[in-house]
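To convert, take the position in the sequence shown, counting from 1, and add 5; that gives the working numbering.
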Amino acid sequence: MAWGTEGHRIVAAIAENLLEASAKARVDALLATEPGATLSSISTWADETRDRSTAAWHYVNMPRGSVCIYDRTRDCPDGRCVVEALNTQISRLNATSQAEQLEALKYVVHLVADVHQPLHAGFADDRGGNTYQLQAFGRGTNLHAVWDSQMLRSVDAQSMVTAGSLSARNMPAGAGTSIPAEWAKESCLLASRADFYPSRQLDDEYLRTFRPIARERLYAAGMRLAAVLNAAFGADRTAPAR
Numbered sequence: 006m007a008w009g010t011e012g013h014r015i016v017a018a019i020a021e022n023l024l025e026a027s028a029k030a031r032v033d034a035l036l037a038t039e040p041g042a043t044l045s046s047i048s049t050w051a052d053e054t055r056d057r058s059t060a061a062w063h064y065v066n067m068p069r070g071s072v073c074i075y076d077r078t079r080d081c082p083d084g085r086c087v088v089e090a091l092n093t094q095i096s097r098l099n100a101t102s103q104a105e106q107l108e109a110l111k112y113v114v115h116l117v118a119d120v121h122q123p124l125h126a127g128f129a130d131d132r133g134g135n136t137y138q139l140q141a142f143g144r145g146t147n148l149h150a151v152w153d154s155q156m157l158r159s160v161d162a163q164s165m166v167t168a169g170s171l172s173a174r175n176m177p178a179g180a181g182t183s184i185p186a187e188w189a190k191e192s193c194l195l196a197s198r199a200d201f202y203p204s205r206q207l208d209d210e211y212l213r214t215f216r217p218i219a220r221e222r223l224y225a226a227g228m229r230l231a232a233v234l235n236a237a238f239g240a241d242r243t244a245p246a247r
C-alpha cells in the first residue's frame, strides 16, 4: 500500500478542491451511481479490491543506480506496472458506460497517489523498501511502511488539504500536466538520493528532511489528479451513455 488511507484521502480532497465546475459535475454524477461514494471514499478502493492480477499496477521498479528514466521494455514488459496501468485507466475515463468510467475513476484516484510515493517507483532488490528493516517510532518496521503511513503520523489532514490546495493554485501554469512516466521518475530520483535510506535507527534528522518532501509529494499528486480529471471531464467533453 502507498500513503495509507489518510494519505490517499488527502490527495483526493486536494484534487476535489481544484476541479473545474464541469469536471466536478461529471465526477459527482459518476459517484452518485454508487450511493454514499465520495472522491475520498473511493481513493482506497484499488487497494481493497486488488488481487494477483492487479497487484503490480501499484508500482514500477527501475534499476538501482540508473537515471530513473522509465523504459517500458525494461521496466514494464507485460504492461503491468503503475505507469501503464495509469495510462490505461486515464484513457478509460471517457469509456462508453458510466460503470466503466466509475471503475476507471477509482483506479486513477488511487494510482496517481501511488506513483508519487517514492518507493512505488523504487527498486526490485529490496521490493521497494519492504525488505529494508529498521527501528522507527519505538518498534521494528521497514522503510516502505515508514513512507506509506508512519511518515504522516499525527498529521492534521484538513490543514494538509488546505495547504496542498493553496500550493497547487500557486504552481506555474502547466506544472500539473506531466505524464505518469515523469511522475515515476521524480519518485525514483527521490528514492535514489544518498540520504534516502536511513540508518537502521530512524532519527529526527531524517524526519525533518523527508516529512516536508512527503507532504510535497501528496500536494503534487492532488494537483495532478485534478489536472487529469479536468482534462478528461472538461466542458468540451460530452457525457457517455448510461
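Glycine included, C-beta positions come from ideal geometry on N, C-alpha and C.
{"Query": "Nearest candidate by alpha-carbon position, reference S11, set H115, Y75 and C81", "Result": "The sequence given here places Glu at residue 11; Ser does not occur at that position. Closest option to E11, Cα to Cα, is H115."}
{"Query": "Minimum C-alpha distance to P68 - residue among A196, A104, N235 and S154", "Result": "A196"}
{"Query": "Residue of T38, V151 and L124 minimising C-alpha distance to L194", "Result": "L124"}
{"Query": "Through-space distance from S27 to I47, alpha-carbon basis", "Result": "20 angstroms"}
{"Query": "Sub-8 angstroms separation of A20 and L223 beta-carbons", "Result": "no"}
{"Query": "Sub-8 angstroms separation of L24 and V16 beta-carbons", "Result": "no"}
{"Query": "Three-state class that DSSP yields for T10 in the structure shown", "Result": "helix"}
{"Query": "Inter-residue spacing [alpha-carbon to alpha-carbon] between D119 and Y64", "Result": "7 angstroms"}
{"Query": "Whole-angstrom distance between R85 and A60, CA atom to CA atom", "Result": "9 angstroms"}
{"Query": "Inter-stretch contact at 8 angstroms, needing at least 3 Cβ pairs: the region 129 to 137 / the region 185 to 193", "Result": "no"}
{"Query": "Status (buried if at least 16 other CB within 10 Å, exposed otherwise) for R205", "Result": "exposed"}
{"Query": "Nearest-angstrom Cβ-Cβ length linking L207 and Q140, presumed shorter than 8 angstroms", "Result": "7 angstroms"}
{"Query": "CA-to-CA distance, A42 to I218, given in whole angstroms", "Result": "30 angstroms"}
{"Query": "Cβ pair A51, Y112 closer than 8 angstroms", "Result": "yes"}
{"Query": "Buried/exposed call for F215, threshold 16 Cβ in 10 Å", "Result": "buried"}
{"Query": "Residue ranges of each alpha helix (DSSP H) within the region 38 to 93, 4 or longer", "Result": "50 to 53 and 77 to 80"}
{"Query": "Check whether Q155 and N147 have beta carbons under 8 angstroms apart", "Result": "no"}
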